[in-house]
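In this note's numbering, the protein residues as written are 6 to 388. Backbone N, C-alpha and C fix where the C-beta goes; we use that ideal spot for every residue, glycine too.
Listed below in structure tokens is the structure:
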């Protein structure tokens, strides 16, 4: 049981003044005895894993790790997942409502905060935590059975949860997930369809309906469901990348580009994601989009020799040798010891009939890598 006056509270906000303001309000309410503060999700997760936190009050939008990403980490951790979470947000848009359903936010409060609004929400959340509804008790039992591998028992508990609260879409969604895990795709599909009928913002259900449609080889329907999930909650980077890659496999390149671009826009750390997409696009012959992504990256990081070289390779793929040579020469200036760059330069000089320059480039290659058989062969055949 959590005692309102004696509980330990974690306040997570990137604004120091907001953390102080929330703590001051809790003191006015006489809520909480021990307080911890974090300024991003990563710091907060570390504190939570140290233990002894009864309630987490988290800002929705933070750098490094957002409130939503933190919440996902909390719900996926067996030791933390039952921690009550109150999310603070500037607006109640449909994405936030969708996240509340998908990631089990216990409550969310709109800014500007007042003593009454935060007090009422916390009282309600702690009361529900201390006195869970029959539906929640059944769902917790279902989760335990699922984790031990007894899917049939988990399904029975989820059915009892639905019986306890027929108006809640959560047990329906859980049933869909369990049947999906059991490979009973048809029943899973019925459950997820019922879930989105009860809650039109159930992103989780839309995503699984997309997966089921793929299994049934209904690409158009899968695209519709994945697109719906993305339109409701575009911040889920992994979901966006997954959807985009499926579109590429189905040769829907223009649609894939839009999905990838939107996903990059919402990514908190887009650089590694951009690099992953560059390699994926090159592998899947999406050279124009790969070129665009590399050029955008180089505008931010002009000294990335590897990307300059990769851009040259892309230009080679699309038959623009002059542009390829330009970028190889830039890469060579940035990294004079890279024999692979020099080898590509030599090949382009040979192609252009510039034998003297090719000879210089190949000599440089052999100076750096004396055993390079390709350079030796090019010298023998062309110089």
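Asked: Counting Cβ pairs closer than 8 Å, one from the stretch 46–56 and one from the stretch 79–91, do we hit at least three?; Found: yes
Asked: Taking only three categories from DSSP, how would you classify residue 208?; Found: helix
Asked: For residue 361, does the count of other Cβ atoms within 10 angstroms reach 16, so buried, or fall short, so exposed?; Found: exposed
Asked: For residue 353 and residue 333, I'd like the C-alpha separation in whole angstroms.; Found: 10 Å
Asked: Please state if the CB of residue 166 and the CB of residue 144 are separated by a distance shorter than 7 Å.; Found: yes
Asked: For residue 355, count neighbouring C-beta atoms within 10 Å of its own C-beta (all shown protein chains included) and say buried if the count is 16 or more, exposed if not.; Found: buried
Asked: Going along the chain, which residues of its own chain have a beta-carbon closer than 8 Å to the beta-carbon of residue 223, five neighbours each way excluded?; Found: none
Asked: By how many angstroms is the C-alpha of residue 193 removed from the C-alpha of residue 214?; Found: 9 Å
Asked: Do residue 158 and residue 139 come within 7 Å of each other at the CB atom, strictly closer than that value?; Found: no
Asked: Who are the Cβ neighbours of residue 217 in its own chain at under 6 Å, not counting the five residues just before and after it?; Found: 190, 194
Asked: According to DSSP, is residue 217 part of a helix, a strand, or is it coil?; Found: helix
Asked: Taking all protein chains shown into account, decide if residue 107 is buried (16 or more other Cβ within 10 angstroms of its Cβ) or exposed.; Found: Here residue 107 scores only 47 on pLDDT, less than 50, and its place in the model is too uncertain to base an answer on.
Asked: How is the beta strand (DSSP E) around residue 64 delimited, first residue to last?; Found: 60–64
Asked: With 16 other CB atoms within 10 Å as the buried threshold, where does residue 323 fall?; Found: exposed
Asked: What are the start and end residues of the alpha helix (DSSP H) that includes residue 119?; Found: Careful: residue 119 lies outside any alpha helix (DSSP H) and carries neither H nor E.
Asked: May I have the straight-line CA-CA distance separating residue 358 from residue 344, to the nearest angstrom?; Found: 21 Å
Asked: Based on DSSP bridge pairs, tell me the residues matched to residue 312.; Found: Partner(s): none; residue 312 has no beta bridge.
Asked: Among 161, 45, 37, which residue has its Cα nearest to the Cα of residue 123?; Found: 37
Asked: Which ranges would you report for the alpha helix (DSSP H) in the stretch 30–82 if only whole runs of at least 4 residues count?; Found: 46–55, 72–81
Asked: Between which residues of its own chain and residue 10 is the CB-CB distance below 8 Å, once the five residues before and five after are set aside?; Found: 35, 36, 37, 38
Asked: Measure the C-alpha to C-alpha separation of residue 294 and residue 201 and round it to an integer number of angstroms.; Found: 34 Å
Asked: Measure from the alpha carbon of residue 279 to the alpha carbon of each residue in 292, 260, 302, 133, then state which is nearest.; Found: 302
Asked: Using only the alpha-carbon positions, how far apart do residue 177 and residue 146 sit?; Found: 15 Å
Asked: For residue 89 versus residue 130, is the C-beta distance shorter than 7 Å?; Found: yes
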